[in-house]
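Read through the structure below, which is laid out as structure tokens, and then see the notes.
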Amino acid sequence: MDTLPKDVVLSVQDISISYLAHRGRTQAVNRVSFDLRKGETLALIGESGCGKSTLSLGIIRLLPKTGQIDQGKILYASRGGEVINLLDLNNRQLRDFRWAECAMVFQAALNSLNPVIRVRDMVYDTARAHGRTDREATRKRMLELFRRVRLDPDRVFNAYPHELSGGMRQRVLLAMGVLLDPQVVILDEPTTAVDILTQRTILEVLKELRESMGFSIVFISHDLSIAAEMADTVATMYAGEIVEIGPVNEVFYRARHAYTFGLLEAVPTLSSGAQDLISIPGSPPDLIEPPTGCKFHPRCPLATPRCAREVPPLVEEAPGHKVACFESAQVLAQSQRLAESQHSPAGL
Ligand SMILES: Nc1ncnc2c1ncn2[C@@H]1O[C@H](COP(=O)(O)OP(=O)(O)O)[C@@H](O)[C@H]1O
Ligand SMILES: [Mg+2]
Numbered sequence: 001m002d003t004l005p006k007d008v009v010l011s012v013q014d015i016s017i018s019y020l021a022h023r024g025r026t027q028a029v030n031r032v033s034f035d036l037r038k039g040e041t042l043a044l045i046g047e048s049g050c051g052k053s054t055l056s057l058g059i060i061r062l063l064p065k066t067g068q069i070d071q072g073k074i075l076y077a078s079r080g081g082e083v084i085n086l087l088d089l090n091n092r093q094l095r096d097f098r099w100a101e102c103a104m105v106f107q108a109a110l111n112s113l114n115p116v117i118r119v120r121d122m123v124y125d126t127a128r129a130h131g132r133t134d135r136e137a138t139r140k141r142m143l144e145l146f147r148r149v150r151l152d153p154d155r156v157f158n159a160y161p162h163e164l165s166g167g168m169r170q171r172v173l174l175a176m177g178v179l180l181d182p183q184v185v186i187l188d189e190p191t192t193a194v195d196i197l198t199q200r201t202i203l204e205v206l207k208e209l210r211e212s213m214g215f216s217i218v219f220i221s222h223d224l225s226i227a228a229e230m231a232d233t234v235a236t237m238y239a240g241e242i243v244e245i246g247p248v249n250e251v252f253y254r255a256r257h258a259y260t261f262g263l264l265e266a267v268p269t270l271s272s273g274a275q276d277l278i279s280i281p282g283s284p285p286d287l288i289e290p291p292t293g294c295k296f297h298p299r300c301p302l303a304t305p306r307c308a309r310e311v312p313p314l315v316e317e318a319p320g321h322k323v324a325c326f327e328s329a330q331v332l333a334q335s336q337r338l339a340e341s342q343h344s345p346a347g348l
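The opening position of the sequence shown corresponds to residue 1 in my numbering, with each subsequent residue numbered one higher.
Here it is in structure tokens:
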């Protein structure tokens with residue numbers, strides 16, 4: 001029987017996920033572990049292609065057919081206190097788990113709503129599939145949630161998705177995601193495809209819902225200032241691995257991994273302006289034949305011969321702050337200088 005600490009709702013343990021393709025096997029997620037506590041928001045940050053979406057699809061077991069979980073456990077604490085390994089669930093159990101226990105708001109909200117079905121029918125179908133057959137109760141609850149995400153409830157409830165703007169659809173998905181009162185909500189780049197004002201609204205309504213409903217969040221973003229605003233804990237992913245994880249202030253003000261530091265330097269600040277933006281030189285690695293040693297070493301300004309040879313282990317260097325970098329002491333000194341010069345490295 002698996003157990004979890006009392007305050008942990010989701011525990012990803014040593015998970016690896018790969019895709020089979022013509023060229024070979026892509027190791028999209030490599031031995032990732034983290035715990036998500038009740039009410040906690042964890043931000044997963046990293047460049048495009050580092051495995052963020054794959055990891056979240058793996059958690060809700062919605063990987064495409066070419067993708068497979070090669071090893072590890074994903075433990076989940078049900079409300080009744082039972083700990084289940086999500087990898088043991090059959091299809092029916094998985095359908096129950098999704099939405100009711102763990103909801104996911106996908107990247108590209110446009111595509112995850114069926115264009116020929118009215119919002120209300122999607123809502124009724126979802127509720128019925130989870131045994132909520134009282135349509136009037138479902139309708140009331142949904143209208144209330146639409147109001148809370150600042151949508152015109154009656155109009156949206158009766159609309160077809162194509163009648164709604166991208167930002168409205170994103171909020172429809174968010175509201176539908178929490179309809180069944182899940183314990184965990186996974187949001188995959190929820191603000192990437194929308195304009196800046198809509199982005200603000202989405203973050204505000206998300207914070208309000210989190211406050212009132214108390215769910216935990218896995219928040220995927222490549223926007224560090226958004227991650228800083230939303231998260232309690234930040235995990236940096238590089239080439240399928242979590243290379244740094246810790247409390248938000250630790251990671252943003254005292255970064256210890258050269259890659260995290262590179263991301264922080266790349267954030268435009270009020271004082272520097274976008275024209276001074278430094279981007280990390282080089283491109284993300286090939287995940288079919290990844291670099292030896294630390295996968296970041298070919299792009300790392302601090303890399304030594306050892307970094308090309310040995311894989312740095314993920315080590316807890318400060319309370320709750322783990323990092324996999326041989327040069328973490330140097331990075332830390334640089335981050336502290338950056339934090340002093342900018343006051344706010346995340347651009348807030
Ligand atoms: N359906 C798929 N088939 C094959 N490879 C995929 C598939 N989806 C993603 N990948 C590969 O897996 C890696 C991680 O991708 P992804 O999880 O989408 O990253 P992110 O969400 O961080 O941008 C990338 O190398 C990507 O090309
Ligand atoms: Mg993605």
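Cβ coordinates follow ideal geometry from the N, Cα and C atoms, glycine included. Since this is a predicted model, take the numbers as computed values, not measurements.
Closer than 8 Å: residue i CB and nearest ligand 2 heavy atom
i, result
"residue 220", "yes"
"residue 195", "no"
"residue 223", "no"
"residue 53", "yes"
"residue 48", "yes"
"residue 289", "no"
"residue 170", "no"
Residue i versus residue j - alpha carbon distance
i, j, result
"residue 230", "residue 41", "7 Å"
"residue 113", "residue 165", "12 Å"
"residue 190", "residue 225", "14 Å"
"residue 192", "residue 203", "12 Å"
"residue 275", "residue 256", "Bear in mind that a pLDDT of 48 at residue 275, under 50, signals an unreliable position, so the model cannot answer this."
"residue 206", "residue 149", "8 Å"
"residue 262", "residue 127", "44 Å"
"residue 335", "residue 87", "39 Å"
"residue 314", "residue 16", "16 Å"
"residue 21", "residue 66", "7 Å"
"residue 187", "residue 212", "18 Å"
"residue 266", "residue 294", "21 Å"
"residue 8", "residue 38", "6 Å"
"residue 54", "residue 249", "26 Å"
"residue 154", "residue 177", "18 Å"
"residue 156", "residue 146", "8 Å"
"residue 235", "residue 10", "15 Å"
CA nearest to the CA of residue i, picked from the options
i, options, result
"residue 283", "23, 225, 47", "47"
"residue 59", "29, 155, 281", "29"
"residue 1", "75, 239, 51", "75"
"residue 309", "297, 44, 319", "297"
"residue 286", "312, 246, 240", "240"
"residue 5", "36, 32, 196", "36"
"residue 302", "319, 331, 289", "331"
"residue 319", "18, 254, 258, 121", "254"
"residue 135", "79, 121, 26, 146", "121"
"residue 92", "72, 61, 328, 69", "61"
Ligand 1 heavy atom lying under 8 Å from the CB of residue i
i, result
"residue 240", "yes"
"residue 237", "yes"
"residue 21", "yes"
"residue 96", "no"
"residue 191", "no"
"residue 64", "yes"
"residue 188", "yes"
"residue 67", "yes"
Distance cut-off 8 Å: residue i Cβ against heavy atoms of ligand 4
i, result
"residue 282", "Among the ligands present in this structure, namely ligand 1 and ligand 2, ligand 4 is not found."
Quick check: the stretch 170-184 against the stretch 96-104, are at least 3 beta-carbon pairs closer than 8 Å? yes
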